[in-house]
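*Asks:* Residues 181 to 402 (this note's numbering) make up the sequence shown, in order.
Shown below is the structure under consideration.
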Amino acid sequence: MDENTVAGSRLLDLATPYLARSDRDGLASALRESWSVPCLVLLLDQSDPVVVATAARCIGLIGHADSLPRLASLLHHADEQVVEAAEEAMWTISFRAGTPLEHQALWRIAEAIRAGVTENTAALLKPLIRANRQFAEAFHQRGQAYYLDGAFAQALRDADRTISINPYHFAAHALRANCLVALHREKEALEAYRRVLQIHPRFYGARDAIHTLQRHLAGSAG
């Protein structure tokens with residue numbers, strides 16, 4: 181076996197037990213002791229999708245924003261497990277951009293937003309945003325809350341801010357597109373959904389949204 185293949189086997193031996201018991205913190209600690217992000221990135225070119233997916237997840241645990249372009253390229257991978265791992269890693273890096281306390285606070289707020297609870301969300305996120313103006317995920321989560329509350333202009337503003345910090349944030353691009361639809365800016369929304377697919381070809385709902393907008397615009401033109 182060549183050196184890269186051996187390295188892939190070593191990573192699987194290390195990471196698999198942690199991943200099996202969902203011990204992300206334990207795996208992150210183990211990775212910091214014996215792996216570097218550049219070494220993990222080298223494994224993304226392997227032919228074994230299990231190795232690639234595992235390396236992507238590991239990059240999510242110890243990597244930073246400069247790893248996002250390489251992870252985003254995996255969203256175009258032929259293997260679904262690699263795409264899922266890359267998506268997970270990108271989310272993990274986005275949430276880890278702040279301090280550990282900011283990360284924990286944002287995670288709790290995001291869980292509430294996913295449950296449809298948006299009351300006081302903007303106020304809760306304000307200290308995080310004030311403390312770290314480059315915390316893209318804090319802007320994105322506030323944008324999600326604004327959107328659910330029907331404040332589409334504010335949501336669009338936060339989506340644009342998120343994208344300006346992290347241009348690979350596929351969910352922020354989708355939020356931007358959704359806001360443009362809600363604001364009756366259909367032509368801009370169509371281009372925004374196309375941008376979502378340029379980043380993440382499998383992003384749920386984007387193709388259907390494009391087809392719906394195309395039919396609507398064709399009907400309006402007629």
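All C-beta atoms in this analysis are idealised placements derived from N, C-alpha and C, irrespective of residue type, glycine included.
Just so you know, these numbers come straight off a predicted model, no measurement behind them.
1. Is L224 helix, strand or coil when you go by DSSP?
2. Specify, as a first and last residue, the run of the alpha helix (DSSP H) that R341 falls within.
3. From what residue to what residue does the alpha helix (DSSP H) around F319 run?
4. Figure out for me which residue from E213, G243, N184, A335 has the closest Cα to the Cα of L223.
5. Quick check for students: name the residue ranges of the alpha helix (DSSP H) that lie wholly in the segment 270–298, counting only runs of 4 or more.
6. Short check: CB of A302 to CB of A354, under 8 Å?
7. Quick one: measure Cβ to Cβ for V262 and L251, integer angstroms, because I've assumed they're closer than 8 Å.
8. Using three-state DSSP, classify Y373 as helix, strand or coil.
9. Report the three-state DSSP secondary structure of A208 (helix, strand or coil).
10. Check whether the Cβ atoms of D259 and P307 sit closer than 8 Å, and answer yes or no.
11. Using the three-state DSSP reduction, which class does R382 fall into: helix, strand or coil?
12. Is D388 helix, strand or coil when you go by DSSP?
13. Exposed or buried, Q378, counting other C-beta atoms within 10 Å across all chains shown (16 or more means buried)?
14. Give the DSSP-derived three-state secondary structure of D193 in the structure shown.
15. Output yes or no for whether 8 Å exceeds the beta carbon distance between A195 and T234.
16. Taking only the alpha-carbon atoms, compute the straight-line gap between L363 and A318 and give it to the nearest angstrom.
17. Could you pull the start and end residues of the alpha helix (DSSP H) that A354 belongs to?
18. Skipping 5 residues on each side, what residues in its chain have a beta carbon closer than 8 Å to that of I293?
19. Just to confirm my understanding: we take V232, look at its own chain, exclude 5 residues before and 5 after, and list those with CB closer than 6 Å. What are they?
20. If you follow the alpha helix (DSSP H) that S253 is in, where does it begin and where does it stop?
21. Which residues bound the alpha helix (DSSP H) around A235?
22. Below 8 Å on the Cβ atoms is my guess for I242 versus V221; work out the distance and round it to an integer in Å.
23. Who are the near neighbours of E282 in its chain, counting only those whose CB is closer than 6 Å to its CB and skipping five residues on each side?
*Replies:* On the basis of the coordinates in this document:
1. The answer is helix: DSSP assigns L224 an H, G or I state.
2. Element bounds for R341: 332–345.
3. Where F319 is concerned, the enclosing alpha helix (DSSP H) stretches over 316–328.
4. Of the candidates E213, G243, N184, A335, the one whose C-alpha sits nearest the C-alpha of L223 is N184.
5. Within the segment 270–298, the complete alpha helix (DSSP H) segments at least 4 residues long are 280–294, listed from N- to C-terminus.
6. For A302 and A354, no; Cβs fall outside 8 Å.
7. In this structure, V262 and L251 do not form a Cβ contact; the two beta carbons are roughly 10 Å apart against a cut-off of 8 Å.
8. Helix, per DSSP.
9. DSSP, reduced to helix, strand and coil, places A208 within a helical segment of the structure shown.
10. Contact annotation: D259 and P307 have beta-carbon atoms that are not nearer than 8 Å.
11. The answer is coil: DSSP assigns R382 none of H, G, I, E or B.
12. In the structure shown, D388 falls within a helical segment according to DSSP collapsed to helix, strand and coil.
13. Exposed, by the Cβ-count rule.
14. Correct three-state label for D193: helix.
15. Less than 8 Å separates the beta-carbon of A195 from that of T234.
16. L363 and A318: Cα-Cα distance of roughly 23 Å.
17. Annotation for A354: the continuous alpha helix (DSSP H) segment containing it runs 350–362.
18. T301, Q321, Q324, A325, L328, listed in sequence order.
19. If you ignore the 5 residues before and after V232, its C-beta comes within less than 6 Å of the C-beta of L224, Q226, V262, all in its own chain and listed in chain order.
20. Note, S253: alpha helix (DSSP H), 248–253.
21. Note, A235: alpha helix (DSSP H), 229–242.
22. The Cβ separation is near 11 Å, so there is no contact.
23. L308.
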